[in-house]
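Chains as they are written, first to last, in the numbering used here: chain A, 1 to 157; chain B, 1001 to 1081; chain C, 2001 to 2771.
C-beta: ideal position from N, C-alpha, C; glycine also.
Every value quoted in this text rests on a predicted model; they were computed, and no experiment measured them.
What follows is a short report on a single structure.
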Amino acid sequence: MARQHITTTINGDSAEFLCDTEQTLLDVLRDELRLTGSKEGCASGDCGACSVTLDGRLVCACLVLAAEVEGREVTTIEGMASGDQLHPLQQKFLDHAALQCGVCTPGFLVAAKALLDRNPDPTETEVRYWLAGNLCRCTGYDKIVRAVLDTAAEMRT
Amino acid sequence: MARIVLTGNLRLYTEGVTELELESGSIRSLLRELRRRYPDIPEDIEDELAISIDGVLHQDDWFAKIEPDSEVHLLPRIAGG
Amino acid sequence: MAAAVEKIFDDAVTDRKTRDKSLKWVGTRASRPDGVDKVTGRAKFGADTYLPNMLHGKVLRSPHAHARIKSIDMSKALALPGVKAGVTRDDFPDYPAGAVQPAGEMVINYRDMTRNIMAREKALYEGHAVAAVAAVNERVARQALSLIEVDYEVLPHVIDVDEAMKPGAPLVREDLITEGVEPTPQEPSNIAKRVEFGHGDLDSGFSKADVIIERSFKTQPVHQGYIEPHACLASFSEDGQAELWCSTQGHYVARGHCAKLLQMDVSKLRVTCSEIGGGFGGKTVVYLEPLALALSRKSCQPVKMVMTRDEVFRASGPTSGASMDVRVGATKDGSITAGEAILRFQAGAFGGSPVPAAAQCAFAPYDLENVKTVGFDVLCNRPKVAAYRAPGAPLGEYAVESVIDELAKTLEIDPLEFRLRNAAKEGTDSSYGPKFGPIGCVETLETAQSHEHYLAPLKPGQGRGVASGYWFNIGGQTSATLNLCEDGSVALVVGTPDIGGSRASLTMMAAESLGVELDKVRPLIGDTSALGYNMLTGGSRVTFAGGIAVHGAATDMITQLRERAAATWDIPVEDVEWHEGQAVAMNGYKNREDPMGLLDIAKDMAKSGGPIVGRCSTNAQGAGPSFGCHIVDVDVDKETGRVSVARYTVIQDAGKAVHPSYVEGQYQGGAVQGIGWALNEEYIYDENGKVENSGFLDYRVPVCSDVPMIDTVIVEVPNPTHPYGVRGVGETPLVPPLAAISNAVENALDIRFTELPMSPPRVLAAIESVG
């Protein structure tokens, strides 16, 4: 079966690729575009390690078919820093030691940014429920939540 | 003479003896003497052991010193995760 | 090298008090050298590399829990266009029983390992690898799998540990005679081994008790739950040399296993460890790597293999499920007179569960005159168990700490006070034999007693529980190199994969030992060709043994730096000392020469003798054990049976916390894994022995909204065998939670659960049957 030719925007740059019908956005980001920051932890939308945004909406890239992003805007972890300036969330994750092995970190950062973009002053409970779709097995979530709350506080000033 | 305590299943090779006294020296000389006294003990027994000398844990350490007043425990090898 | 290492220890003991006051980096929360790559997605994990001409490998796995494999026909699969190679049991050597070899910290039975990576006579669990193919892309590889024809003769299976021990149970190995039993059994069984530990006289001990509590416990197997599935990329050349990139806790160990399974020289296989997305013990063994190498050798193309989450659950090694009986007796005034535990652990398809360690650790927090623990290692039709953080200890201590709690309640003694009255101390004969050196058991209990959490009142309906925990920790072979660069900066090369921030701690110790700015030392994790042997990252050994190696390399480098300065100044080397990162002329030559720092010496090192490289290769001994105490408050929803953790505090002895943030991280991560194990996680099997919940939706690990902040207290009782006093901390945090949470639930409901997990259906059923 012929592959599909898709044109889309990724992290503000126009991008194009060929994909099979059954390939997911995650497959294509990693295997076709070599944007390996988004990770596959489960391929069933349960772990959030592949979190990206699609037209500003937080999604699991493993649950989006690659063909679906034709003409739309995708942002990934690779688009979070600006040049050599880390996003405040990225810096706070480092300051708070909110990562140990780091494999879930890109997903958490994309998800946390999506939260702060829509709610700049979340409570701890709101942070925890928003991030409930991102699994971490190393940190127990404590320092991640602290980093997000601290970033929110700093970004509000 | 150092006091040697055999824990776990080692006693099955020594007819139930779990405590003995052996000449001090090193872990390697200890194991050789033990195998000399109890030939049923497998050649490669040290690969399955951790050895505590006066409370300090050794694993794969032939030349660790055993003093005349040392207390030595032979334990199963420790593997973590 | 032994002499050099001994000198380090002497320095440590005499200088520690002065050293602690003047520490510049050790004990601070320095920035992590690999951090930026991890927060930008730049860091490369196991599945993140690609090579030209790369093939994709896929594994055909047994759909049956137990079946004889009569034949495997690969012909149609190999004929499919795009398929470049296939392997089965015929492509791997058979090793006889007794082909046992030390590999890293474990003794490996290669007869078992060759069968675990690829089934031979029988498929021993659902998910057992039966064949593998490599094809030009994943789609073709999957198609090829569907064309492989396997003739199975399905056999009865057994999974539950108690069922597997019954006479007449289906035998996983038809010729297995139990080791460790006298007289030697005549009939085969599923019991691979019996072990026994203890000292004293149990009967006499129990006869002195005023109260004896006896309980039986049952737990289900759980998985380590690392978010990154197993992944590797293998590349064989036509001349028999190979490169392997893999996500592993130990690339030297992986190299050894793969070389043995592929029957090649170890030195011809170069293994690079990727960043690793969690391991917890589950990535100390190989699954895909030998298969990818074999496929690459056949096709002479690189082969990438990645497990799906489904495969991780079905085919990689989880922990044991266990069945345990514990009996403890005490006098009215709270003195334990005797303790006994009988532990039965699932080993999976091959022997080697952590039941010996469980038997040794179960009573470790206590000073007991009479104690006996017996362990049974039992085969069943599940994947071979792999380590999970202090393997064995969480289970043994779950059972014992639950009974200890009941005893304290029956005797009306505060649970922490009861533990303190019987606590192991320096000089105590441990429950597994040796006398303890300096340990932090009492310190963690006393800290808990006076902690604000323990003193805070409970809300109505809440319950509070405490439990102690212990793990031995290990040292092991470790090599490190410090290379002086021509501009005075230093490259640190280590050989232990960084699972949780160890690059930071090792760099901090190197900078501290050298007396230089932290930013001047940059770490690199070398591949297997870069250094002498390194045992894997596990056993809570990296900060301990890695620290000894790094300090040793720094000491070696300092000797060379002093020699170069002395030669440059034309004075005896005895008159040159190293202070705060500089060579300083002393005695009669003081003030005659300006001190020389790293840059001063480095810029002329070519002329003064050549490259300056500090080295240390050692087999670190004397790992200090780590004790912990957890306090947990729970709420129980009586309508749904859901147990929620309202508050959690971890108190644990680190010896010396090199980087407090990452020590806290270990405490918090282990506690939350324990919460999952206690409340939700379990493998669910159908009547055919197949896993029903092989994904994160139904294998329920804790999510962010399930848990509160995890408070931590780092206790420091220095370990005298380490230059900075370090004890390993990574494993102990998983040991107390199971009992602490169970004890909290008992406190809330007055119902003692003796089965894990305490999931909502079980809790609800218990509440309804009581009320």
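Can you give the Cα-Cα distance for L1075 of chain B and T2618 of chain C, rounded to whole angstroms?
22 angstroms
Suppose the cutoff is 7 angstroms on Cβ atoms and the five residues either side in sequence are ignored; what does the same chain contact list for K2193 of chain C look like?
T2178, E2179, G2180, G2351 and D2377
At 8 angstroms on the CB atoms, spell out the chain C contacts of P1076 of chain B, in chain order.
P1076 of chain B reaches chain C at V2195, P2356, A2357 and Q2360, counting residues in chain order whose Cβ is nearer than 8 angstroms.
If you reduce the DSSP assignment to three classes, tell me which class G2339 of chain C lands in.
strand
Contact list for the region 2692 to 2706 of chain C against chain A, Cβ threshold 7 angstroms
Correct list: G2695, F2696, L2697, V2701, V2703, C2704 and S2705.
Can you name the start and end residues of the alpha helix (DSSP H) that H2453 of chain C belongs to?
E2452 to L2455
Residues bridged to G2348 of chain C (per DSSP):
C:L2379
Quick one: grab the DSSP three-state call for Y2779 of chain C.
The first residue shown for chain C is 2001 and the last is 2771, placing residue 2779 of chain C beyond what the model contains.
Y2366 of chain C in three-state terms, based on DSSP:
strand
Under the three-state DSSP convention, the category F2206 of chain C falls into
helix
Per DSSP, N2137 of chain C is paired with what?
Bridge partners of N2137 of chain C: none, in fact.
Beta-carbon contacts of I2227 of chain C that lie in its chain and below 8 angstroms, excluding the five residues immediately before and after:
The answer, listed in chain order, is G2277 and G2278.
Residue from A:L25, A:T21, A:R3 and A:T151 whose Cα sits closest to the Cα of F93 of chain A
Comparing Cα positions, the closest option is A:T151.
Closest Cβ-Cβ distance between N134 of chain A and chain C: below 8 angstroms?
yes
Using 8 angstroms as the limit for Cβ to Cβ distance, is F93 of chain A near chain C?
yes
8 angstroms Cβ cutoff, L26 of chain A in contact with chain C:
no
Straight-line CA distance for L2764 of chain C to P2188 of chain C?
41 angstroms
Starting from C2441 of chain C and walking both ways along the beta strand (DSSP E), at which residues does that stretch end?
First-last for C2441 of chain C: C2441 to Q2449, but that is the alpha helix (DSSP H), not the beta strand (DSSP E).
Residues of its chain near M2054 of chain C, where Cβ-Cβ distance is below 8 angstroms and the 5 sequence neighbours each way are ignored
L2233, Q2301, P2302, V2303 and K2304
P2660 of chain C by DSSP, collapsed to three states: which one?
Annotated three-state conformation of P2660 of chain C is helix, per DSSP.
Counting only Cβ-Cβ distances shorter than 8 angstroms, please list the residues of the region 2519 to 2541 of chain C near chain B, keeping chain order.
G2538, G2539, S2540 and R2541
Strictly below 8 angstroms CB to CB, what residues from chain C border A1002 of chain B?
Per Cβ cutoff of 8 angstroms: no residues; A1002 of chain B is ~13 angstroms from chain C at best.
Assuming the contact rule is C-beta atoms closer than 8 angstroms, C42 of chain A and R2309 of chain C should be a hit. Round their C-beta distance to whole Å, please.
4 angstroms
With H, G and I counted as helix, E and B as strand and the rest as coil, what does DSSP make of F108 of chain A?
helix
Rounded C-beta distance between N2190 of chain C and V2172 of chain C? I'm assuming under 8 angstroms.
Indeed they touch by this definition, with Cβ atoms about 6 angstroms apart.
If you compare alpha carbons, which of B:T1007, B:G1055 and B:L1010 is closest to E2426 of chain C?
B:G1055
For A2530 of chain C, the three-state DSSP class (helix, strand or coil):
Of the three classes helix, strand and coil, the one that applies to A2530 of chain C here is coil, per DSSP.
List the DSSP bridge partners of S2071 of chain C.
C:D2151
Any C-beta of chain C within less than 7 angstroms: which residues of the region 1003 to 1027 of chain B qualify?
V1005, T1007, G1008, N1009 and L1012
Simplified DSSP state of W2677 of chain C, which is helix, strand or coil:
Note: W2677 of chain C maps to helix in three-state DSSP.
Counting only Cβ pairs nearer than 8 angstroms, list the residues of chain C close to D1061 of chain B.
Under the 8 angstroms cutoff, chain C gives N2619 and Q2621.
Establish whether the CB of E1048 of chain B and some CB of chain C are separated by less than 8 angstroms.
Output row for E1048 of chain B: interface = yes.
Three-state secondary structure (DSSP) of A66 of chain A
Residue state for A66 of chain A is assigned as helix, using DSSP reduced to three classes.
Chain A within 8 angstroms of V2672 of chain C, Cβ atoms only
yes
Beta-carbon proximity of I2751 of chain C to V2770 of chain C, cut-off 8 angstroms
Cβ atoms of I2751 of chain C and V2770 of chain C: closer than 8 angstroms.
Residues near R159 of chain A by beta carbon distance below 6 angstroms, same chain, minus five either side
Nothing can be reported for residue 159 of chain A: it is not among the residues displayed for chain A, which extend from 1 to 157.
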